[in-house]
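First residue of the sequence shown? That's 0 in numbering that gives the first Met the number 0, and the numbers climb one at a time after it.
The C-beta atom is built at its ideal place from N, Cα and C for all residues, glycine as well.
Let me begin by presenting the structure, written as structure tokens, before commenting on it.
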Amino acid sequence: MSINPYLSIVIPVHNEQETLEELYRRLTQSLDKLGKTYEIILTNDGSTDKSAEILEQLHKRRPSQIRVIEFNGNFGQHMAIMAGFERVRGDIVITMDADLQNPPEEIGKLVAAIEAGHDVVNTHRQNRQDTWWRLFVSRLHNNLRARIMPKLKMEDEGCMLRAYRRDIVDLMASTGEASTFIPALALNYASNPTEVGVAHAPRLAGESSYSFYGLIRYNFDLMTGFSVFPLQAMTMLGMLVSACSFLFVVFLMVRRLIVGPEVEGVFTLFAIVFFLIGIMLLGLGVNGEYMGRIYQEVRKRPRFVVRRVLEENDEVLEQSLREPVLIAREAE
């Protein structure tokens, strides 16, 4: 019977063929220096380059330590991490990106913080090496989130180099949410979280999978998944606009009595109508975001589909395509 490792490193991979060899070298060196047993779970999130072949080779080099989960499509970074969470064996679980902007050498800081008694260790990137527009959007959204959701104590929500105790990970994996935001979800269950500063490096190769639109969608998941503030804000805005509209109607009636009928101000009225229509469309959009997520949850469709899992000494398990999750484990 195999002994469970002390550390589990969960890494989502999407088109990272240029960085995987360097990631393997630096990550295994850093973990070996810690002197603790570990496993590395790499989730191939529908890569279209040679990432799948490279991951299979990495598994063959260290079959007892490196496990590979392969999706049959692209389901997103957080779902790739959730797939790893469902299969971790370690007492301490650490997440990080595959692009090496999160240096593996910083993992020791997170392990030390967990061993000091914390159950969730968040991080903030020091001396960030990102483009100016990503820095601007990140700073803007961090400030906005801090005001809208003050209970979520995070200085930097975008850094995926984080550590969790196993019980927190088990709780997150049990939720089965179709769309979620893992750092915020962990804080909902944490009793003694903390945050440490970590180094940040320029991207080694390739381009980020997150476009500007992807970052907007990513932030929508956080806002709608952990706060009803957008709905409340639209309600308050609707009340304010209704009150102002009533006062404006009273003003027009009084003006009609004093000045008499006139044809001036037609374009002003058009502008007001267009403004009110814009407010209504915005409100419908906010409601639509929440309703869309409710729709995703009630359909009960699989959050992701696993094509195969590469693990040591596991038998090949074939399932019908009609089952919720398709898994095939390959034996070495």
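Can you list, in chain order, the residues of its chain whose CB lies under 8 Å from that of LEU275, leaving out five sequence neighbours each side?
-> VAL240 and SER244
Which value, in whole angstroms, describes the spacing of the CA atoms of ARG24 and SER178?
-> 33 Å
For ASN43: DSSP bridge partner residues = VAL12 and GLU69
Anyone know if the C-beta pair for MET171 and PHE84 falls short of 8 Å?
-> Yes. Within cutoff.
When burial is assigned at 16 or more other CB atoms within 10 Å of the CB, is PHE247 buried or exposed?
-> exposed
When the Cα atoms are used, what is the spatial distance from LEU41 to LEU26?
-> Going from the Cα of LEU41 to the Cα of LEU26 covers about 12 Å.
Anticipated Cβ contact below 8 Å, ILE278 with LEU236, distance rounded | The C-beta distance from ILE278 to LEU236 rounds to 7 Å, short enough to meet the 8 Å contact threshold.
One or two residues paired with GLU194 in a DSSP bridge = As computed with DSSP, GLU194 is found in a beta bridge with ASN121.
According to the Cβ coordinates, are ARG292 and MET81 closer than 8 Å?
-> For ARG292 and MET81, no; Cβs fall outside 8 Å.
Taking buried to mean at least 16 other C-beta atoms within 10 Å of its own C-beta, is SER46 buried or exposed?
-> buried
Report yes or no: do three or more beta-carbon pairs, one from the region 3–21 and one from the region 50–67, lie closer than 8 Å?
-> Touching, yes, given that three or more Cβ pairs across the two stretches are closer than 8 Å.
Among MET290, LYS35, ASN126 and VAL308, which one has its Cα closest to the Cα of ILE106?
-> Considering only alpha carbons, the answer is LYS35.
Using alpha carbons as the reference points, say which of GLN100, ALA183, THR174 and ARG165 lies closest to GLU154.
-> Considering only GLN100, ALA183, THR174 and ARG165, the residue with the shortest C-alpha distance to GLU154 is ALA183.
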